[in-house]
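Read through the structure below, which is laid out as structure tokens, and then see the notes.
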């Protein structure tokens with residue numbers, strides 16, 4: 001082998017190249033340098049004005065989509081009323097605290113958390129580019145704080161990796177890129193890619209792999225002080241006579257691959273999962289509460305819609321009062337319906353056959369969240385984990401450490417489970433007590449000495465059993481989008497639908513808000529033209 | 001992630017179009033747990049029922065909720081007299097209920113329908129993988145419904 005002649009590229013060139021090469025960390029870095037992929041379509045709040053005097057709009061559902069609609073339409077001059085199934089506003093914008101009751105099909109829980117602690121059963125994190133949510137938080141005075149998403153010191157557990165012993169994400173990440181870099185270096189040096197890359201690029205790639213993988217002089221990924229500077233230490237740097245650090249052993253290629261750490265790297269590289277992320281201080285429901293402060297007086301709670309009809313003059317909604325059982329009826333010129341498709345598909349609604357088909361062709365994913373209140377923040381004091389997620393291939397899928405009140409004394413709530421799919425079905429099918437027991441058993445793999453002994457109380461929400469939605473959020477496919485999406489979102493006479501299910505940002509509040517802005521903008525155009 | 005590598009997952013002409021969109025990985029841009037989660041479902045009809053179906057239809061298979069917001073009962077459900085009916089719904093989903101082709105294998109689907117029809121109803125003839133293949137190849141439409149009943 002001849003020594004490649006290095007002409008070191010500039011740092012900028014290297015970064016560009018590395019990004020193209022597609023390594024996840026490299027891509028992440030490249031994204032932060034160059035990176036704005038497609039963001040939210042938000043272009044500022046809708047500027048609606050000049051509603052005809054006396055025009056009325058009925059909004060079904062007081063989640064964030066419905067309340068945004070009411071807020072903006074009121075500003076535009078419409079008289080708005082909201083009908084809400086539950087006895088609270090907010091919909092999936094939801095936080096539970098001590099004293100709250102969680103009513104599922106088949107069970108009731110009373111949350112026991114200490115004052116100030118909470119669980120966000122629904123949305124819990126806001127990407128920096130969800131501009132609509134961030135805009136309304138600012139406009140409505142919702143205090144946001146950082147949400148710790150990526151934590152290199154959190155853990156990864158797979159039953160068939162490292163004998164089931166959880167590993168720090170940092171270690172796996174450094175090992176993964178080290179081994180991949182070594183292998184690519186070997187391929188390059190063996191000439192295996194000589195017909196694929198130019199000689200100049202080959203030289204750059206070899207340097208890139210040496211830097212990126214922290215390879216030794218033989219282009220091998222081995223234990224070294226340099227690797228220790230990324231991976232951590234057997235004995236960390238200190239002062240005085242024993243100040244010199246001792247690096248720890250690197251993981252083998254096979255062990256590294258068995259953890260499937262590339263999935264985690266890919267996860268954190270997705271635009272919606274990238275730092276920076278935010279959360280409302282004290283609970284996600286502060287967003288719903290802020291909207292409620294503006295439009296709460298327009299909401300009729302405990303109102304179960306039974307029929308939605310329309311004619312050329314307006315809409316008529318039949319409902320029953322949940323407490324009294326009394327029947328009622330509301331009329332308006334226009335209707336914004338944010339009722340989830342799981343429920344709307346069961347109602348008598350006077351819209352086109354195509355829209356009915358769209359509503360009834362939209363299955364909802366299932367998800368479960370479990371909050372576990374612990375006596376103390378042992379993950380901080382004993383593990384140096386401040387926020388972020390530890391992932392597992394068990395039913396719970398992950399545990400997530402709370403952001404906020406770091407270093408605080410007293411009990412804290414961590415997220416003890418957040419699965420979709422099989423894990424979520426399995427946990428949802430259990431009683432609340434069994435869910436907690438399963439979450440404690442499974443989460444103990446990360447913190448075996450503390451998890452059960454520090455446990456105080458728990459609360460869970462299985463979305464498939466929440467009686468007002470019967471699911472978590474809409475599951476679209478490319479095919480169902482093609483067949484039904486436009487029919488779902490179209491203005492149908494005097495009725496328009498809104499919510500996360502009517503967006504390409506499914507399962508996010510951003511989608512609910514963008515959908516609502518689009519819906520009321522079209523409604524206002526039609527109302528102005530009528 | 002759902003165990004995409006698992007052999008024997010249903011791959012029928014009628015349903016392959018949706019196979020790429022698993023419910024553990026709900027697709028474009030959605031919030032989701034991430035790389036954790038690789039839970040598996042046990043194979044007997046009773047186990048599949050308890051681990052999957054009961055999440056919505058409840059442990060007693062009686063469903064729940066109220067008119068307009070109901071999870072239908074599987075127990076005492078006359079629609080199940082025709083075994084093609086539950087097969088179609090499990091392969092294609094209906095209303096708020098998703099398809100289960102990316103979570104369950106053909107033998108698991110056959111087993112759970114056999115269990116639900118026989119244990120919570122009195123339809124004792126078993127559902128086989130051949131029945132599922134037959135539905136997959138003839139691709140009948142999803143029966144219309146008032147989805148809560």
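Protein chains in written order, with the numbering used here: chain C, 1 to 530; chain V, 1 to 149. Don't be surprised by glycine CBs; every beta carbon is placed ideally from N, CA and C. None of these values were measured; they are calculated from a predicted model.
Residue environment, residue i, which counts as buried when at least 16 other CB atoms sit within 10 Å
i              : result
residue 389(C) : buried
residue 182(C) : buried
residue 125(C) : buried
residue 225(C) : exposed
residue 34(C)  : Residue confidence is low: residue 34(C) scores 37 on pLDDT, short of 50, so the model does not pin down where it sits. Its coordinate-derived value is still stated next. The residue is exposed, with fewer than 16 neighbouring Cβ atoms inside 10 Å.
residue 52(C)  : exposed
residue 143(V) : exposed
residue 379(C) : buried
residue 511(C) : buried
residue 24(C)  : Low confidence applies to residue 24(C): its pLDDT is 43, below 50, so where it sits in the model is not reliable enough to give any reading.
residue 137(V) : exposed
residue 397(C) : buried
residue 38(C)  : In this predicted model, residue 38(C) has a pLDDT of only 47, less than 50, meaning its place in the structure is not dependable; the value taken from the coordinates is given anyway. So residue 38(C) counts as exposed.
residue 50(V)  : buried
Beta-carbon spacing of residue i, residue j below 8 Å
i              : j              : result
residue 302(C) : residue 322(C) : yes
residue 73(C)  : residue 521(C) : no
residue 117(C) : residue 412(C) : yes
residue 133(C) : residue 415(C) : no
residue 96(V)  : residue 341(C) : yes
residue 276(C) : residue 130(C) : no
residue 140(C) : residue 281(C) : no
residue 177(C) : residue 233(C) : no
residue 314(C) : residue 290(C) : no
residue 87(V)  : residue 103(V) : no
residue 227(C) : residue 247(C) : yes
residue 292(C) : residue 67(C)  : yes
residue 420(C) : residue 264(C) : no
residue 154(C) : residue 385(C) : yes
residue 287(C) : residue 93(C)  : yes
residue 457(C) : residue 112(C) : yes
Residue interval of the alpha helix (DSSP H) (run including residue i)
i              : result
residue 212(C) : 199-213
residue 72(C)  : 64-76
residue 262(C) : 261-269
residue 520(C) : 509-529
residue 186(C) : 169-189
residue 118(V) : 106-119
residue 423(C) : 421-428
residue 137(V) : 129-138
residue 487(C) : 486-489
residue 455(C) : It is not in any alpha helix (DSSP H) - residue 455(C) instead sits in the beta strand (DSSP E) that spans 455-462.
Cross-chain neighbours of residue i in chain V, by beta carbon under 9 Å
i              : result
residue 257(C) : Result: empty, since nearest Cβ-Cβ is about 14 Å, beyond 9 Å.
residue 394(C) : 36, 37, 38 and 39
residue 521(C) : Here the premise fails: no neighbours, minimum Cβ distance about 22 Å.
residue 531(C) : With chain C represented from 1 up to 530, any question about residue 531(C) goes unanswered, as that position is not in the structure.
residue 398(C) : 33, 34, 35, 36 and 37
residue 389(C) : 33, 34 and 36
Proximity test, residue i beta-carbon vs the ligand GDP heavy atom, cut-off 7 Å
i              : result
residue 172(C) : This structure lacks the ligand GDP, and indeed carries no ligand of any kind.
Contacts of residue i in chain V (Cβ-Cβ under 8 Å)
i              : result
residue 264(C) : 34 and 35
residue 172(C) : Correct list: empty, because the minimum Cβ distance to chain V is about 11 Å.
residue 187(C) : Ordered by position in chain V, no residue passes the 8 Å Cβ test against residue 187(C), which lies about 26 Å from the chain.
residue 418(C) : 33
Contact list for residue i against chain C, beta-carbon separation under 7 Å
i              : result
residue 50(V)  : 429
residue 103(V) : 421 and 422
residue 93(V)  : 363
residue 69(V)  : 343, 346, 467, 468 and 470
residue 54(V)  : 429
Limits of the unbroken beta strand (DSSP E) element including residue i
i              : result
residue 466(C) : Residue 466(C) -> no beta strand (DSSP E), and no H or E assigned at all.
residue 277(C) : 277-280
residue 222(C) : No beta strand (DSSP E) holds residue 222(C); DSSP gives it neither H nor E.
residue 79(C)  : 79-83
residue 497(C) : 495-497
residue 64(V)  : 64-66
Chain-ordered chain V contacts of residue i [CB-CB under 7 Å]
i              : result
residue 448(C) : Those do not exist, as residue 448(C) stays about 18 Å from chain V at its closest Cβ, beyond 7 Å.
residue 62(C)  : Those do not exist, as residue 62(C) stays about 16 Å from chain V at its closest Cβ, beyond 7 Å.
Under 8 Å by beta carbon: chain C residues contacting residue i
i             : result
residue 65(V) : 105, 467 and 470
Under 7 Å from the C-beta of residue i: neighbouring residues of chain B
i              : result
residue 267(C) : Protein chains in the displayed structure are C and V, and chain B is not among them.
Scan the stretch 422-434 of chain C for residues whose Cβ lies nearer than 9 Å to a Cβ of chain V and list them as they occur along the chain.
-> 422, 423, 424, 425, 426, 427, 428, 429, 430 and 431
If contact means a Cβ-Cβ distance below 7 Å, which residues of the stretch 109-126 of chain V contact chain C?
-> none
Taking any Cβ of chain V, which residues in the stretch 102-115 of chain C have a Cβ under 7 Å from it, in chain order?
-> 105 and 106
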